[in-house]
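Take a look at the structure below.
Residue numbers (the numbering used here), protein chains in the order written: chain A, -13 to 515; chain B, 647 to 952; chain C, 4 to 294.
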């Protein structure tokens, strides 16, 4: 009994001391001097930009490296390692002239050979790089990567001299320039990678050419970057970039409220807090190039009948999504986002429940009678459940149809989607680059991610023409026609809403520019008054 | 007792082997593979990747390759964390979970046993009812709710303790308490029930009716007998705590091993699932062995072997 | 002589257990509460409406606080929480009950054999439990979901599979200890068959901790069921249970606490009642307790 009493007293004493001590920590200002603290929410699977496909990895790499070109806040391509470039032979050849003063962090110069090595490594089948397909427009790239050609030197990548980098494409391509700003196409150091193998990304071996250097990597916990004094655009104004990995949204937001994080985005922003802070001066909302849609299996009854698809698409009142999801979503009735060329209000499908019911009746299911059993498949991630519940409700109200919801574990869902897409499913697509091609290509016949299995030669033709077209206006018109055909005429998909980025920025952080591709660059940030 | 320990160590090997084999099979049966992605890849690229990890070989070959590596202590590589070996990943994460689990275990045992004993001795009074109430709360409110509440109350509102992360000893308090809640509640109730069993035995009643206070000697006898069911659950409880409840590490952003139990399965990261399962199994076997040894100490009549 | 004397009181206690139970105040209240909750579940199942709203009916008033129109408030889609909590009682109560029952039956049989069947059998069976504990729960449950599909059977199997081990270990521990007690040795000396020894002597005396274990299986089953929805087992929206309601309401803990408060309250009441009931049962079954 006495032993127990003593230990309880001891515990209470310890608790008391600790409370006293923590209460004692105070500092002059809420921010950490010249340091930006953010939450990337997850461990980056890899910092080798040729191997990884994960957006968390890119968040880190975007601040460690620069490539041939870089994105401006308006998502156009500006010079980076390349000071200028020419597009020759009607769009089939790209010639980049590199700056001679870009250095790696170990002092060696960045040359065209580093780009050549990186791009070849990306395409080398032995690497097993998942983003290899980005370079498939290059001559012989597909053949090399899939093993049809064994000789890598036949691929259309050349270095006429140490500071000139040349690409030859199979066919002209209007969006190719964007790929030169993309992380997987950044240069790599052959000597470093061959020497250290899998461990070349460890902080003690890592070599980079960008605004920051890799200082610390505590796995599953945080990554610390420090300013690169030799960065060609000038040393960043902040000394340190601390990237924490806090998976729980609520906790991350609490840390922001407690002034332990300086900038947060969707990953650290629970929906109720978005609502509460909408009017705050620290809050910003911008639309992203990420579209959400309901897909139909166009090869199976009843969705092989376009009238049924149109009925479904017209029966959804898209204004409910921002109301229910409460994250500033933008209702989308066409597939190309308004920020990109090729978007037109005329491509949008209208909410018309009367016409929808008529179409359904025409298709043989008056008032919903006789409609076959159809389940809507969705993965249980984040807010997906709310979205599909809302859609289920809309279909019930406006078409008098019961669509049961079927949720699956994430990988089981993916496997099902790949193997035998269900009749109705919820889909989502984030742009790989700021061009309508990434959205429109999705529903062409040979696209491996076209779960609708829709195959329409007219559509394929439009997209192929638009892709190669060099005249901007002509291109836009072609994409517009394709979009209208996709959403309004054939209703292959029912677009639902465009995701947005919700962020909060502390008043002592200056210079954060948000963009629609959600790339986060911190080289021009300042901290303080 | 020494023989018991040796026997247990030897028995561990076939048990671990069986666990590894069953998990291996389960992983392959479940639909969805590590390279099913939202943006799916051309089949040729997938083939390249699979070849790199020997996933294109027949299952029996894959099994033998894995077992061979396992025998030499190599737990394989992660598919998701592309440059890291499972050994490295666990080497970083395990000590964190061990520390957190140990703290929570100490807390849960101290609080649970104390509360349970007091409730049993003061049975039927307000103290007993209050203890019951507390333990019900501890077990019916999910961990993530308590965690969020603690963060809000102690971190944001009262500003007494750090909100989250794992930087100093003060950062360990809230997570340990959150993790200890449910086990403490369970232990309290279990202790109460088993103390009551003993306290109503004839010889105890006789002693008390003779005027002997419930102190020292009597309590020691009561506790010794009552602790057997308690020791029973301590085994698996220990292991579960040590592998660092997924929820607590998730909420407080602690770089422990708990998260891998869920994320590795969701990612179909085969070797990482196997690695974490085996580590958990080893800890479990050790904990159970300790429990069985403690049975011998508490009640010499019990004879357990191997 | 001794054995026969002990055997009789146990028999009588079993017959009068229910009456003894009702004598305990806290157990009476607990029984009443459980009865009411079960009643809610049955009423809901029979389709008798207790509220003007249906559990899946969306309205325009999103996320409203408790009011006369909506005694427990509404959720993100404007659905009445009161109706949903009542609907949720169906699954939560039945899952809680049945899982505890499965765990009890399997666990007791397994533990009894291990505890009383000799050292070799004990060793083998205990290693079996170790293996069952060590296997990744999530993986097993995904598999069950895939093989058996949606519906209550799948849920029960998945939850039962991961719950029986605790009871088994407890029963085994008790039996290991009790088999050395004098009354057991006496019974054996008298030549009583093993099954009689187990059911008439060992089990009633071991019942205390076992009942405690059971009363904890119930809430853990209710809460575990809510996590099943992540893996495609469990409910199909808009169907709900207390667990899934609590899970969904977690995000809004600080802004709309009613979403998590009410389902949690019901879970809490259920657990508390089972606890008191468990206590009462233990006293009622124990021949030595004077009531």
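Idealized CB from N, CA, C, for every residue including glycine.
Nothing here was measured: the structure is a model prediction, and the numbers come from that model.
Following the DSSP letters along the chain, one finds residue 83 of chain A inside the beta strand (DSSP E) bounded by residues 79 to 84. In this model, residue 780 of chain B and residue 832 of chain B are separated by some 11 Å (Cα to Cα). Cβ atoms of residue 39 of chain A and residue 140 of chain A stay farther apart than 8 Å, at about 26 Å. In the DSSP annotation of this structure, the continuous segment of the beta strand (DSSP E) that includes residue 490 of chain A starts and ends at 479 to 491.
For residue 222 of chain A against residue 322 of chain A, the beta-carbon gap comes to about 35 Å, at or over 8 Å, which does not count as contact. Shown here, residue 499 of chain A sits in coil according to DSSP, grouped into three states, outside any helix or strand. Under a criterion of Cβ atoms nearer than 7 Å, the residues of chain B adjacent to residue 38 of chain A are, in order, 728.
The Cβ-Cβ distance between residue 123 of chain C and residue 236 of chain C does not fall below 8 Å. Of all alpha-carbon atoms in A:172, A:19, A:410, the one lying nearest the alpha-carbon of residue 68 of chain A is that of A:172. The residue from A:216, A:249, A:132, A:474 with its alpha-carbon nearest to that of residue 499 of chain A is A:249.
Contact check for residue 488 of chain A and residue 271 of chain A: beta-carbon distance about 5 Å, within the 8 Å limit, so the pair qualifies.
A check of alpha carbon separations from residue 350 of chain A across A:291, A:144, A:107 identifies A:291 as the nearest. When DSSP states are grouped into helix, strand and coil, residue 473 of chain A belongs to the helix group. One finds 253 in chain C with Cβ atoms closer than 8 Å to the Cβ of residue 790 of chain B, taken in chain order. With three or more CB-CB distances shorter than 8 Å, the region 36 to 56 of chain A counts as touching the region 149 to 168 of chain A.
Contact between residue 33 of chain A and residue 43 of chain A holds, since their C-beta atoms are separated by about 6 Å, short of 8 Å.
For residue 745 of chain B, the uninterrupted alpha helix (DSSP H) segment begins and ends at 732 to 767. Within the same chain, 98, 228, 231, 236, 237 come within 7 Å of residue 158 of chain C by CB-CB distance, once the 5 residues on both sides are set aside. For residue 125 of chain A, the CB contacts under 7 Å within the same chain, skipping 5 residues up- and downstream, are 141, 142, 154, 155, 156 in chain order. With a threshold of 8 Å between beta carbons, residue 915 of chain B makes no contact with chain C. Sequence-ordered contacts of the region 820 to 832 of chain B with chain C read 832 [C-beta pairs closer than 8 Å]. Measuring C-alpha to C-alpha distances from residue 216 of chain A to each of A:277, A:62, A:93, A:337 identifies A:93 as the nearest. Look at residue 727 of chain B here: in three-state DSSP terms it is coil, with no helix or strand label.
Here residue 150 of chain A carries a strand assignment [DSSP, helix/strand/coil]. Secondary structure of residue 276 of chain C (DSSP, three-state): helix. Taken atom to atom, the span from the alpha-carbon of residue 89 of chain A to that of residue 192 of chain A is near 14 Å. If the five residues before and after residue 255 of chain C are omitted, its C-beta is found closer than 8 Å to the C-beta atoms of 66, 262, 263, all from its own chain and listed in chain order.
At least 8 Å separates the beta-carbon of residue 360 of chain A from that of residue 340 of chain A. With 16 or more other CB atoms across the displayed protein chains lying within 10 angstroms of its CB, residue 220 of chain C is buried. With respect to chain A, the C-beta atom of residue 871 of chain B has no partner C-beta closer than 8 Å. Three or more beta-carbon pairs separated by less than 8 Å are not found between the region 202 to 214 of chain A and the region 102 to 114 of chain A, which leaves the two stretches without contact. Note on geometry: alpha-carbon atoms of residue 796 of chain B and residue 125 of chain C lie some 43 Å from one another.
Annotated as proximal: residue 840 of chain B and residue 872 of chain B, with beta-carbon spacing under 8 Å. When DSSP assignments are scanned along the region 388 to 450 of chain A, the uninterrupted stretches of beta strand (DSSP E) that are 3 or more residues long and fall wholly within it turn out to be 391 to 394, 410 to 416. Separation of the CB atoms of residue 275 of chain A and residue 502 of chain A is rounded to 5 Å, and the pair is thereby assigned contact status at 8 Å. Inclusion of residue 206 of chain C and residue 114 of chain C in the CB contact set at 8 Å is not warranted, their separation being larger than that value.
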